[in-house]
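*Asks:* Sharing a structure below in structure tokens format, with a few things to ask.
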Amino acid sequence: MTSIPATAAKRADELHAILHEHAYKYYVLDEPSIPDADYDKLFQELQALEAAHPELQRADSPTQRVIGQVLEGFDTVVHTVPMLSIRTETDTTAGGAQAFDARVRRELGLAESDAPVAYSAELKFDGLAINLRYEHGVLVQAATRGDGEKGEDVTSNIRTLRQIPLKLRGVSAPVLEVRGEVYMRRDDFEAYNERQRALIAAGAKNEKTVVNPRNAAAGAVRQLDPNQSRKRPLSFFAYGLGDVQGWTVPATHGGLLDALDAMGFPVAKQRVISLGADGLVAFHQAMGAERDKLPYDIDGVVYKVDSRELQARLGFVSREPRWAVAHKYPAQEQTTLLLDIDVQVGRIGTLTPVAKLQPVFVGGTTVSNATLHNEDEIRRKDIRIGDTVIVRRAGDVIPQVVAAVLERRPPEVAALAPFDMFARVGGKCPACGSPIERREGEVAWRCTGGVTCPAQVKQAILHFASRRAVEIEGLGDEIVEQVVDLGIVRTLPELYKLGVAKLNELERMGEKSASKLVDAIERSKATTLPRFLFGLGIRHVGETTAKDLARHFGDVDKLMDASVEQLLEVPDVGPIVATSVRAFFDQPHHREIVEQLRAAGLHWPAIAGTASDAFRPLLGKTLVITGTLPTLSRDEAKDLIEAAGGKASGSVSKKTDWLVAGEEAGSKLDKARELGVAVLDEAGLRALLAAPPDAAAD
Ligand code: IVH
């Protein structure tokens, strides 16, 4: 055996340390400290070193997150310390917390005059429990909970989770088992399903969507093919311990969570220590209100007696600790009856099936409509009118029908044919009667009526008037519905002919609101080219693409005349977008709409030149806006930054070039100071925007 050169071993150690540090900052703290490309370079250097000297390979190396082999099955792991469950408090009101406190006090034999008990309150994550075993600070095994006594060895899948440290920070105890929840964020879940739907639409046979983030996470963890597992991005929160040897466990649960945080685990920042029940009640309420804003699902909160000594005194009943309780929230999934399937016509004529439901209280509101996406999705899920279905509403995502409960399908429903869009609408657009078509390779049926279809005109107007497009304040569904149905507005540009007198005729529209709306319509004429382009509603052209197109072509005429090849020259524009833009402007009525809007007075500041010769002082710069600026709204400031070639980001990191801070700037300002990021006020921003490119360079 050749011996390893000391320099190689030393460099490998250095690389381990650097890569672990950056990965921690990136994945756990969400504060990238070096560019991705630099990270990749260092990573590759370590890979090369390990390839040349296999003896240098270590289980905790950052390179060991790579995808392993397809497994035959999972090995069984016997938990050294059983993984218990917690008792659930069924009373979802404040009473739940009070009942728990009363029980704890009784079991501890405390009198009313005794001091309040300290509790640690935290979130109850809706994922699956995992036991992570670290030996001498290195991750050696990850196991599912299983039946609590025995679980499955899922180490190779868990290793791919970047949020789980392969090596603990500052702890090298012989044995330390950390427990927590593996979960999938809601945005990752939506993106995963979106991708699955696209794969299925493209003809993939073995692909499926998943019903909720928890099932998605459980499926990913228990996936035998790590390559499949990797496609489902998972996250992790630590909240407890299993077996421990050679490490002093903190005296309180709160102290333990701090210690886990310091070891490099993600620990949810939503946690409090409460003396007595009042703080628990407040926490339950506060988190209930914040639930929709969290990026992941929680199904309740958990209260734990904070002191480990008291925990030991309380002990366990059957398989549950007496010192912990789960206090739930109303469910975000419910079953209800599918009464009918309606078909709605969207902006570009897409026919979308919408479930009409027996109203059901779910995720905090009463839901009576839910999306069914498209015909294929309904067939794949085998959902039929008359079925009992599971409805999910979580966060601000629109309600979805996730599945039919087949056991509860009545025989007459079982006898029905699967959903057929064409048959359902008799082959005609339900809004205008034009024939419908489903093009090769597409999942959606479409109305062929184009601008003659009132449903499409309504959607087009609403989109054009929306906040991120030209923004016509106060122009909502109801008004658009009426003006189109009454024939007052037949095309988008006719919107700009609306006068106070005409609007006054509408239901529930007084003179004052009519003139306010006319003013708003007038104001919307002064817009920006990206907003205008986005507002046109070209398929596949979202806000970002609209900005890219505006920047590249500089005006709308050049864009309308651009060939697919010329469109492909725009950074970030691929064949799908290029073809879609070309197809849009190939339709003469779309060009007419652009002409008529310009004739109606829509205008925007010229964008100087094209990408190559533009005067863009903030090119390549990242700015973050915080607080209230004296004259600019946040959107206006963002538009100005982007027009100058800069990027407006939401969070401060070392990559931020400037923080633009207004009044009541909060944590972002602190963070910027901490990281040494330059801070500007609005005047400073304006100065930057006016500066020649050189002055803006560092
Ligand atoms: S503590 C002995 N804390 O809920 C106490 N569990 O029924 C062990 N869970 O299997 C669990 N969030 O999957 C605890 N903050 C939290 C939790 C949590 C979610 C899950 C976990 C466990 C189940 C308990």
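To convert a position in the sequence shown, counted from 1, into the numbering used here, add 1164.
Beta carbons: idealized from backbone N, C-alpha and C, even for Gly.
Please read all numbers here as calculations on a predicted model, not as lab measurements.
#1: Please indicate yes or no: does the CB of V1466 lie closer than 8 Å to some heavy atom of the ligand IVH?
#2: Taking the C-alpha atoms as reference points, what is the distance between T1173 and L1210?
#3: Where does N1668 fall in DSSP's three states?
#4: Is it right to say T1820 is buried, meaning 16 or more other beta carbons lie within 10 angstroms of its own, or is it exposed?
#5: Taking the alpha carbon of D1736 as the point to measure from, which residue in P1618, A1212, R1715 has its own alpha carbon closest?
#6: Check for me: the alpha helix (DSSP H) holding A1728 runs from which residue to which?
#7: May I ask you to list the residues that DSSP assigns as paired with S1813?
#8: For L1713 versus V1734, is the C-beta spacing smaller than 9 Å?
#9: Can you tell me where the beta strand (DSSP E) holding A1402 begins and where it ends?
#10: Does the ligand IVH have a heavy atom nearer than 8 Å to the CB of G1291?
#11: How would you call P1397, buried or exposed, if buried means at least 16 neighbouring beta carbons within 10 angstroms?
#12: Could you tell me if V1569 is buried or exposed, where buried requires 16 or more neighbouring beta carbons within 10 angstroms of its beta carbon?
#13: Work out the CA separation of Y1403 and E1354 for me, nearest whole Å.
#14: Between L1287 and I1512, what straight-line distance do the alpha-carbon atoms span, to the nearest angstrom?
#15: For A1778, which three-state DSSP category applies?
#16: Thinking just about the alpha-carbon of each residue, which of S1336, R1394, L1424 is nearest to the one in M1348?
#17: Tell me whether the stretch 1673 to 1690 and the stretch 1780 to 1799 touch, counting them as touching only if at least three CB pairs, one residue from each stretch, are closer than 8 Å.
#18: At what residues does the alpha helix (DSSP H) containing A1567 begin and finish?
#19: Identify whether Y1190 lies in helix, strand or coil by the three-state DSSP scheme.
#20: Skipping 5 residues on each side, what residues in its chain have a beta carbon closer than 8 Å to that of P1199?
#21: Within a Cβ cutoff of 7 Å, which residues of the same chain sit near K1622, ignoring the five residues on either side of it in sequence?
#22: Among V1481, G1550, S1336, V1346, which has the Cα closest to the Cα of L1501?
#23: How should L1852 be labelled, buried or exposed, when 16 other C-beta atoms within 10 angstroms of its C-beta is the threshold for buried?
#24: Please report the distance separating the alpha-carbon of S1688 from that of A1629.
#25: I believe V1268 touches N1321 by the beta-carbon criterion, under 8 Å. Please report the beta-carbon distance rounded to the nearest angstrom.
#26: Given that a residue counts as buried once 16 or more other Cβ atoms are within 10 Å of its Cβ, and exposed if not, what is S1776?
#27: What's the gap between the Cα of R1654 and the Cα of A1619?
#28: Please classify V1788 as buried or exposed, where buried requires at least 16 other C-beta atoms within 10 Å of its C-beta.
#29: Per DSSP, what kind of secondary structure is S1393 in: helix, strand or coil?
#30: Taking just the CA atoms, how far does V1408 sit from P1414?
#31: With a 10 Å radius around its C-beta and 16 neighbouring C-beta atoms as the bar for buried, classify N1357 as buried or exposed.
#32: Which residue from A1567, P1226, A1381, P1329 puts its Cα closest to that of L1183?
#33: Determine which residues share a DSSP beta bridge with W1822 and list them.
#34: Pop quiz: L1515 and R1610 are said to be a contact at Cβ under 8 Å. What is the actual Cβ separation, rounded to whole angstroms?
#35: Measure the C-alpha to C-alpha separation of L1849 and A1488 and round it to an integer number of angstroms.
#36: Does the stretch 1466 to 1486 come close enough to the stretch 1313 to 1333 to have 3 or more Cβ pairs within less than 8 Å?
*Replies:* Judging by the given coordinates:
#1: The answer is yes for V1466.
#2: Looking at the sequence itself, residue 1173 is Ala, so the reference to Thr does not match. As the crow flies, the alpha-carbon of A1173 is around 10 Å from that of L1210.
#3: Residue state for N1668 is assigned as helix, using DSSP reduced to three classes.
#4: T1820 comes out buried.
#5: Nearest neighbour of D1736 by Cα position, chosen from P1618, A1212, R1715, turns out to be R1715.
#6: With the sequence shown as reference, residue 1728 is identified as Val, and Ala is not the correct amino acid for it. Its alpha helix (DSSP H) spans residues 1728 to 1732.
#7: Partner(s): V1788.
#8: Going by C-beta atoms, L1713 is nearer than 9 Å to V1734.
#9: Counting along the chain, the beta strand (DSSP E) containing A1402 begins and ends at 1399 to 1409.
#10: Checking the Cβ of G1291 against the ligand IVH gives yes.
#11: By the 10 Å Cβ count, P1397 comes out buried.
#12: Exposed is the call here.
#13: In this structure, the CA atom of E1354 is about 26 Å from the CA atom of Y1403.
#14: Cα to Cα, L1287 sits roughly 42 Å from I1512.
#15: Its pLDDT being 48, under 50, A1778 is placed unreliably by the model, and nothing is read from it.
#16: Nearest C-alpha to M1348: R1394.
#17: No, because fewer than three Cβ pairs between the stretch 1673 to 1690 and the stretch 1780 to 1799 fall closer than 8 Å, the two stretches do not touch.
#18: Segment 1564 to 1568 is the beta strand (DSSP E) holding A1567; no alpha helix (DSSP H) there.
#19: Helix.
#20: Excluding five sequence positions before and after P1199, the CB atoms of its chain that fall closer than 8 Å to its own CB belong to K1819, given in chain order.
#21: Taken in chain order, the residues that qualify are V1644, E1645, V1648.
#22: Distance check between L1501 and each of V1481, G1550, S1336, V1346 places G1550 closest, using alpha-carbon atoms only.
#23: Under this definition L1852 is a buried residue.
#24: Rounded to the nearest angstrom, the gap between the Cα atoms of S1688 and A1629 is 8 Å.
#25: With 8 Å as the limit, V1268 and N1321 do not qualify as a contact, their Cβ atoms being about 38 Å apart.
#26: Any reading at S1776 must be qualified, since the residue scores a pLDDT of 38, below 50, and its modelled position is unreliable; no value is offered.
#27: R1654 and A1619: Cα-Cα distance of roughly 11 Å.
#28: Buried, by the Cβ-count rule.
#29: Here S1393 carries a helix assignment [DSSP, helix/strand/coil].
#30: Whole-angstrom Cα-Cα distance: 12 Å.
#31: N1357 is buried by the Cβ-count criterion.
#32: Checked all of A1567, P1226, A1381, P1329; the closest Cα to L1183 is P1226.
#33: Partner(s): L1787, A1842.
#34: Confirmed, Cβ separation roughly 7 Å.
#35: Straight-line Cα distance between these residues: approximately 52 Å.
#36: No, the stretch 1466 to 1486 is not in contact with the stretch 1313 to 1333.
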